Each structure stands twice: as structure tokens, then as C-alpha cells.
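Residue numbers (our numbering): 3 to 405. All C-beta atoms, glycine included, are put in the ideal place defined by N, C-alpha and C. Given the structure is predicted, the values throughout are model-derived calculations rather than measurements. What follows is one structure encoded as C-alpha cells, with my remarks underneath.
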Ligand SMILES: Cc1ncc(COP(=O)(O)O)c(C=O)c1O
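Take a look at the structure:
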């Protein structure tokens, strides 16, 4: 590891970024050059163990031989970027077919570029059926930053300040079955006509908060009782990070509409066929599905997860990691450890300590990110090994045992 971070090559890029581009949510001065497995290399040859999987977007790690094979197949094909909702492609059909093998029965998909667009198309499907009524979403939710999705996001004021909103009713995201607000949804549905209920099952950006069983079951129960579509946003949790394909599988329910992106490589709104808009062009986009390469990598990713039993690995490695992190609870400002599978949140007593520890972990060669006000988010690639978990835990133990 280069002692001085950023190294000179990285620094040049960061300076250029600050000069010519919007300085967005960059956490630390990492300029990614390449990666192998669960290790990311920066432009100066420094190597970092990656406990972020790029917020879940790289579930099978970096330079996976299956992904390289797909990329090689397309290396001489110049028709990778097509107007994918105007022209058919084999990759689109194959991704939809492969995805259907892990979706609830009777679901179909619509592909789009990003997570926010996946959510927006999910809510458009609900509006088309129900009309332009308010939607229900949760405090602490993150559903994306485009204006529609942003209306239902409620995790940090900086995301929303001075931006207009679609009509929304908010409920508390309950993480305990005995929360006094666990039945609040019933009151809202009794008093208001609404178009949909939208929630994550594990809040991502909001702090890796895991919904209580009763909370999700209640949303399902009352959505069915009042005839309202339940939309689950699995953009961050979907495709294996919780040890199951979808986080909702831990709750024995199925949604009516879902959104995915990140690990899938493309955005997707997925819906029960009975909610499909009757008119063909209600949903579309020039770059829907990203590109033929993204869709091919997405389908291959699902096949690799199945073939290599990576859900089982995520569950096993997640439980080992959580157990190790729980030993840090109570020490030096660590106030909580929570999560499902390989989606683990570690909460500090103060935001300042959280920021300091993220920077120190980075300098010690471990990548993690912040979430919520005071938490760390840990979401390693599903291919992570026991040795890498031990290595990460050892770095965390050292860094988190200091003041
Ligand atoms: C649950 C959830 N929904 C939506 C989004 C938005 O996805 P994107 O950043 O691809 O627009 C995110 C991104 O972090 C997310 O975590």
C-alpha cells in the first residue's frame, strides 16, 4: 500500500474531477483502475479489500471469468448500444427469461437504465391502474434522486431541499414488531385513497435498517385488504445480498410490483401480469436496459450465482461477518450491528466518529461506505471467501479498537 493516499496518478484525476465535474458523493480519494475478485486496485497500484461491491453493483466481484467472457464476445460488436425498446435484441429476451426464474410466478419485467428509473416505472405501473393518487412511503426511505422517485425518498434533507414533490403519505419504517406505529398503515388506508405502498425491506441509504417481520406482513395484509399494489424496492438488496434472491423472501410474502438495478446490471421494474399497462407504449426509453452488454452480463450474473451457489455463500459469510462485528459492539462508540446476509450495518454514536473510521479503514486497505446519519454499510461481493472475511474483520477490529 502506497503510504500517501491519494497517490500522484489518483490525485491528478481527482483534481480534474473537481475542476470540471460536479463533486458528488465521493467518500474518499479512491480512483478505481482495475479489480480482481474482491480486491480493487487504484491508479497508483494500491490494493483495497472491497466490502462495498460498489453498493451491490458488483455481486460477483471484479474481472470474474464469466463476465470477461461476455465482454470478450462483444469486443468486436459495435451494435452494443441500441434503442432497446424500439428494436428487439436477444440479450433483452434472455435477461427477461433468466430473471423470470427467480421472480414470483406470473411476473414480467421492464428494463431501464438506473435504480431510480426502475422505481419510477414501478410507480407508473401502479398509477396507471390506480390513478394519480398519493403514494405511501417510509421515513428513512431511499428510492432514488430523479424527481418522481425523490418524492418518496426521505433519508437526508440534502436530497430534497427546494425540489417539488408528488403527493405522498409517510409512515414509520418499523424495525421492531412491538413498535407502537406498526399498524399505522391501516389508519392511512382507512382515511385516504392511495395509489400504492412503496418500501424497501432493508433500508439501504437510510442506514441498513431491517424491517420487522410484522411490519412487512402488515403492509402486505392491508395492501391486499384495500386493493392497493405493494411495491418493494429491491434495488440495493436484490439479487442475493441478503442470502436470498430477494430480501422479501425472508418475510414469506410476495409484492405486486418490484424494482431492481445494481446487481442486475440494468434497472428493472417487475410486476404481476395482472397490473401490466394495457397500452403498449405506456413505458419506454431509448436506452432502456442500458446496453446489450449490460443485459448479457446481468443474465450471466444470475446464472453464475445459481451455478456457484453464491446465495448459500452470502448467507454463510454474512453470518460469520455479523458474528465478528457483534464482538465490536459496545466498544469505542459502536452502538449497534444489524443486517441480513451480506448486508450489514454498523452504527456509531456520532457521525464524526463514523466519518473518521471510514477514512481510517480506507487508509488501512478496507473499503466500506456510510449509510444513514451514523452508520457504516458493509455489502461485500457474494463471492467473498472466509479468508477475506477474516482479513476484513481483523482490519476492522484494529481500526475500531482505537479512539
Ligand atoms: C433502494 C434503492 N432504490 C433506488 C436507488 C436508486 O438507484 P440509482 O442510484 O441507480 O438511481 C438506490 C440507490 O442506491 C437504492 O438503494
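- Going by beta carbons, residue 113 and residue 240 fall outside the 8 Å limit.
- Counted as a single uninterrupted DSSP element, the stretch harbouring residue 336 is not any alpha helix (DSSP H) but the beta strand (DSSP E) occupying residues 336-342.
- Taking residue 36 as the centre and dropping the five residues before and after it, the same chain places the C-beta of 43 closer than 6 Å to its C-beta, in chain order.
- In the structure shown, residue 348 adopts extended strand secondary structure according to DSSP, grouped into three states.
- In the DSSP annotation of this structure, the continuous segment of the beta strand (DSSP E) that includes residue 42 starts and ends at 41-44.
- DSSP, read as helix, strand or coil, puts residue 110 in strand.
- Fewer than three pairs of CB atoms, one per stretch, sit closer than 8 Å, so the segment 318-328 makes no contact with the segment 145-153.
- Taking the Cβ of residue 93 as the reference point, every heavy atom of ligand 1 lies at 7 Å or farther away.
- Residues 3, 48, 49, 50, 51 and 397 of the same chain have their beta carbon placed closer than 8 Å to that of residue 367, with the five preceding and five following residues left out of the count.
- Here DSSP, grouped into helix, strand and coil, assigns residue 195 to coil.
- Burial check for residue 363: the Cβ neighbour count within 10 Å reaches 16 or more, so the residue is buried.
- For the set 384, 369, 87 and 236, the Cα lying nearest the Cα of residue 258 is the one of 236.
- The C-beta distance from residue 231 to residue 128 rounds to 5 Å, short enough to meet the 8 Å contact threshold.
- Screening all residues for a C-beta within a distance smaller than 6 Å of any heavy atom in ligand 1 leaves 57, 116, 117, 118, 121, 144, 145, 146, 202, 206, 207, 235, 237, 238 and 263, in chain order.
- Shown here, residue 261 sits in a strand according to DSSP, grouped into three states.
- Rounded to the nearest whole angstrom, the CA to CA distance from residue 334 to residue 392 is 20 Å.
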